[in-house]
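K.L.:
Handing you a structure now.
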Amino acid sequence: MTRREFPKGFLWGSATAAYQIEGSPLADGAGASIWQRFSHTPGKTVNGDTGDIACDHYRRYADDVKLMRELGMQAYRFSVGWGRVLPDGNGRVNEKGLGFYDRLVDTLLENGIEPLCTLYHWDLPEALDNRGGWLNPDIANWFADYASVMYRKLDGRVKKWATLNEPWVVTDGGYLHGALAPGHENLFETPIASHHLLRAHGAAVKAYRAEGKNQIGIVVNIEPKHPASDDPADIAATKRADAYMNRQYLDPIFFGRYPGEMKEVFGEAWPEWPAEDYALIQQKIDWLGLNYYTRGVTKADPKAWPVGGRNEPPKGAVLTETGWELFPKGLTDTLVWMKERYGDLPLYVTENGAAMKDPPIAGGRVQDQHRVDYLRTHLSAVNDAIKAGVDVRGYMVWSLLDNLEWSLGYSKTFGIVHVDFKTQQRTPKDSARFYAEVIASNGGAALA
Ligand code: GBH
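Numbers 7 to 454, taken from my numbering, label the letters of the sequence shown in order.
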């Protein structure tokens with residue numbers, strides 16, 4: 007092995023999410039999602055941007071798959087729009103919507119690209135939100151029913167399934183701070199939504215054991231939390247921030263209980279749950295997905311909801327366009343921590359990438375050297391974790407395409423491929439060419 011070579015069979019790919027790229031959100035009988043409603047509510051997204059057109063991937067998916075092949079991609083992590091398949095969220099199946107994912111998966115396989123399917127990347131059917139959404143305990147069954155429709159259609163062709171993408175963001179953004187759909191700001195609702203997300207995850211894993219033959223897991227966002235100083239107040243706030251973001255979902259899944267700090271974080275808003283819920287949540291999973299972007303440096307601040315601490319990058323930290331500190335070592339540390347805390351199961355980096363200010367296209371190129379550097383340092387960090395004995399099986403860069411960055415609209419670009427949103431022209435950036443070299447050499451040549 008050269009210095010940075012990756013294990014044989016390491017899976018290289020890219021990731022996207024349905025509402026961020028597909029466009030045509032109501033086409034072919036699809037039911038509206040909470041993101042359709044939220045993005046069309048004045049003031050909710052930068053410039054009033056919506057996913058109405060996005061990358062027009064719903065119609066251009068075949069060209070996008072061809073592009074992936076040209077870049078040498080071996081895998082593609084996509085998500086399913088729940089309301090395309092079940093317009094009411096539950097009950098009636100919309101064959102046309104299901105047909106889109108059926109064709110997408112076939113096209114990927116024809117091009118030698120392994121599909122990784124995420125069942126929930128934030129676009130809850132509006133019809134279900136109207137019935138309480140993640141606050142309604144019935145959602146565990148709704149989600150398992152929807153998941154079963156997908157398993158029956160795609161399992162075997164799809165060998166790696168993820169139930170949820172980043173439950174922490176769903177609740178912190180959607181129910182506590184309101185920056186994401188459905189836009190609530192309610193301390194009491196937040197742990198309820200979290201708990202039903204976990205129950206829904208468990209119910210979908212349970213259904214998979216009855217219907218599926220391959221592997222199922224969950225995708226979480228983790229940020230190592232470091233105290234801003236030695237002040238005991240900062241250290242205590244850091245512990246709460248770590249429990250809230252990093253352990254709130256994985257502890258129940260692996261240990262059948264929430265971290266002790268949760269009561270402190272939510273105070274009287276923290277509910278008690280029946281014991282049988284934990285049995286459902288604690289289904290064995292086959293793999294774990296990590297979305298890694300940055301670390302958190304926590305400064306105690308009693309006014310900062312809900313952990314009593316805010317993120318304060320140290321002086322001199324280099325920030326990306328979203329204000330997130332560059333901290334590649336945190337990726338190694340997180341992978342090592344996941345193995346140490348939750349056991350030696352296959353790990354995938356299911357997202358990693360950066361919003362950067364890209365120079366304009368010149369001579370058919372986008373010279374995003376800063377993103378090349380980001381990828382090089384973060385891939386080396388993954389490699390360090392592998393050398394330390396962590397079973398990391400693959401890496402999916404976020405994102406294949408510039409796309410709708412949720413409430414930030416099209417103002418922040420994470421793509422390794424530039425998208426001209428007027429013409430829908432795709433232009434691979436220098437980072438895409440760099441990544442293609444990494445893949446071609448299985449890490450070795452391009453990273454050594
Ligand atoms: C992912 O979430 C999403 O899965 C994806 O859809 C999205 O497009 C992508 O990231 C880019 O945003 O402000 O310094 O305290 C990202 C999860 C959680 C990462 C919050 C940054 C805050 C860092 N994010 N975290 S800071």
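By construction, the Cβ of each residue, glycine as well, lies at the ideal position given by its N, Cα and C atoms.
#1: Express the C-alpha separation of H232 and G370 in angstroms, rounding to a whole number.
#2: With a 10 Å radius around its C-beta and 16 neighbouring C-beta atoms as the bar for buried, classify M7 as buried or exposed.
#3: Mind checking which residues open and close the beta strand (DSSP E) that includes Q221?
#4: Hey, is T419 close to the ligand GBH, as in C-beta under 7 Å from one of its heavy atoms?
#5: Under DSSP, the alpha helix (DSSP H) around G208 begins and ends at which residues?
#6: With DSSP as the reference, identify every bridge partner of V444, one or two as the case may be.
#7: As a quick exercise: from H190, N358, G315 and M268, pick the residue whose alpha carbon is nearest that of V225.
#8: Does any CB atom of chain B fall closer than 8 Å to the CB of G189?
#9: What runs of the alpha helix (DSSP H), each 4 residues or longer, lie entirely inside the region 136-162?
#10: Is Y64 near the ligand GBH, with its Cβ less than 7 Å from a heavy atom?
#11: According to DSSP, is S417 helix, strand or coil?
#12: Quick one: complete beta strand (DSSP E) runs, 3+ long, within the region 329-358?
#13: Leaving aside the five residues before and after E3 along the sequence, list all residues of the same chain whose C-beta is less than 7 Å from its C-beta, in chain order.
#14: Check whether the Cβ atoms of F272 and L193 sit closer than 8 Å, and answer yes or no.
#15: Below 7 Å, is the gap between the Cβ of T177 and the nearest heavy atom of the ligand GBH?
#16: May I ask you to report which of helix, strand or coil DSSP gives D397?
#17: Using a threshold of 7 Å, is the CB atom of N297 nearer than that to any non-hydrogen atom of the ligand GBH?
#18: Could you tell me if the beta carbon of W311 falls within a distance shorter than 7 Å of some heavy atom in the ligand GBH?
#19: Starting from F84, follow its DSSP beta bridges and name the residues at the other end.
#20: Do the CB positions of G336 and I287 come within less than 8 Å of each other?
#21: Taking 7 Å as the line, does the beta carbon of N317 fall inside it for any heavy atom of the ligand GBH?
#22: So H424 is in the beta strand (DSSP E); what residue range does that whole segment cover?
#23: Between which residues of its own chain and A133 is the CB-CB distance below 7 Å, once the five residues before and five after are set aside?
#24: Three or more C-beta pairs closer than 8 Å, one from the region 113-120 and one from the region 44-55: is that the case here?
#25: Determine the direct distance from the alpha carbon of S20 to that of Q427, and round the result to whole angstroms.
#26: Quick one: what's W311 bridged to in DSSP?
#27: From Y401 to Y354, what does the alpha carbon distance come to, in whole angstroms?
#28: So does the region 22-40 actually touch the region 121-129, counting three or more Cβ pairs closer than 8 Å?
P.N.:
Result, derived from the coordinates:
#1: Their Cα atoms are separated by approximately 42 Å.
#2: Note on M7: pLDDT 45, under 50, position unreliable in the model; no value is reported.
#3: Per DSSP, Q221 belongs to the beta strand (DSSP E) from Q221 to N227.
#4: Outside the cutoff, so no.
#5: The continuous alpha helix (DSSP H) containing G208 extends over residues E195 to E217.
#6: According to DSSP, which records beta bridges pairwise, V444 is partnered with nothing at all.
#7: Measuring from the Cα of V225, the nearest candidate turns out to be N358.
#8: The chain labelled as chain B is not found in the depicted structure, where only one protein chain is given.
#9: You should have 145-160.
#10: No, since every heavy atom of the ligand GBH falls outside the 7 Å radius drawn around the Cβ of Y64.
#11: Helix.
#12: Counting only runs of 3 or more, we get 353-357.
#13: Missing from the structure shown is residue 3; the chain here goes from 7 to 454 and no further.
#14: In contact: F272 and L193 (Cβ atoms closer than 8 Å).
#15: When distances are taken from the beta-carbon of T177 to the heavy atoms of the ligand GBH, even the shortest one reaches 7 Å or more.
#16: Three-state DSSP puts D397 in coil, outside helix and strand.
#17: Yes, the Cβ of N297 comes within 7 Å of a heavy atom of the ligand GBH.
#18: No, since every heavy atom of the ligand GBH falls outside the 7 Å radius drawn around the Cβ of W311.
#19: DSSP, once it has assigned bridges, lists C123 as partnering F84.
#20: No; because the gap between Cβ atoms is not below 8 Å, this pair is not in contact.
#21: At least one heavy atom of the ligand GBH is nearer than 7 Å to the Cβ of N317, so yes.
#22: Where H424 is concerned, the enclosing beta strand (DSSP E) stretches over V423 to V425.
#23: Contacts found: G37, D94 and G95.
#24: Contact between the region 113-120 and the region 44-55 is absent, because fewer than three Cβ pairs lie under 8 Å.
#25: The amino acid at residue 427 is misidentified as Gln; the sequence shows Phe. Each residue's Cα considered, the two are about 20 Å apart.
#26: Answer by DSSP bridge pairing: none, since W311 is not bridged.
#27: So the two alpha carbons sit approximately 6 Å from each other.
#28: Yes, since at least three Cβ pairs between the region 22-40 and the region 121-129 fall closer than 8 Å, the two stretches touch.
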